[in-house]
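Presented below is the structure to which this report refers.
Numbering (the working numbering), first residue to last: 2 to 207.
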């Protein structure tokens, strides 16, 4: 046992190391994010500003920026060294379940219970795109190593791969998603009968 950092007043949702391994971020039901020095367990900063539980935290690839998401429907970007709030990203209509930086650190993706994924410009906090295609909350997101593809998973039992180099037409997305899973739905004996028809009426992707 190295350290047991204490400071949160309620349950801790999420923890993540900075890229250099020197700092640990934690998010909590107590509506705060805390930054800890890994070597000593010392509390460096407490980041306040949320009105509800903080669900997810992630460091930018260079370790200079921290993104956090909350039950209060917002995403916040923080300067790690000072603990300063850089941007509050508003746009989701339900809790934000996950956030992730692109490999180059220029784009932030957020996923929400509102069934959408949003892409944000990190430097300005500007909303770039809203990706629609899931029929239930989007639980998790991940960028490919080259930053050209985004994967999203949902309570609707699907995964969608988004080509970030093309536009995000919802019909095309549904067609591609169903082309990918249609055979699985129809032929896997473990799929419930009601789920076999999720893609009924969806045309084959062009």
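Using N, Cα and C, we set each Cβ at its ideal position, and we do this for glycine too.
Would you kindly report the start and end of the unbroken beta strand (DSSP E) that includes residue 163? Residue 163 -> beta strand (DSSP E) spans 160 to 164.
Given residue 35 as reference, the closest of 142, 69, 75 and 97 once Cα atoms are compared: 69
Whole angstroms are fine: how far does the CA of residue 189 sit from the CA of residue 11? 43 Å
At what residues does the beta strand (DSSP E) containing residue 74 begin and finish? That residue, residue 74, is in no beta strand (DSSP E); it is neither H nor E in DSSP.
Please state whether DSSP places residue 79 in a helix, a strand or coil. strand
Would you kindly report the start and end of the unbroken beta strand (DSSP E) that includes residue 95? Counting along the chain, residue 95 falls outside any beta strand (DSSP E), and DSSP gives it neither H nor E.
Is the number of C-beta pairs between the region 94 to 104 and the region 139 to 155 that are closer than 8 Å three or more? yes
Have a look at residue 96 and residue 153 and give me their C-alpha separation to the nearest angstrom. 16 Å
To the nearest angstrom, how far is the alpha carbon of residue 37 from that of residue 50? 18 Å
With distances taken between CB atoms, is the gap from residue 74 to residue 88 smaller than 9 Å? no
Count the other CB atoms, across all protein chains shown, that sit within 10 Å of the CB of residue 47; report buried if there are 16 or more and exposed otherwise. exposed
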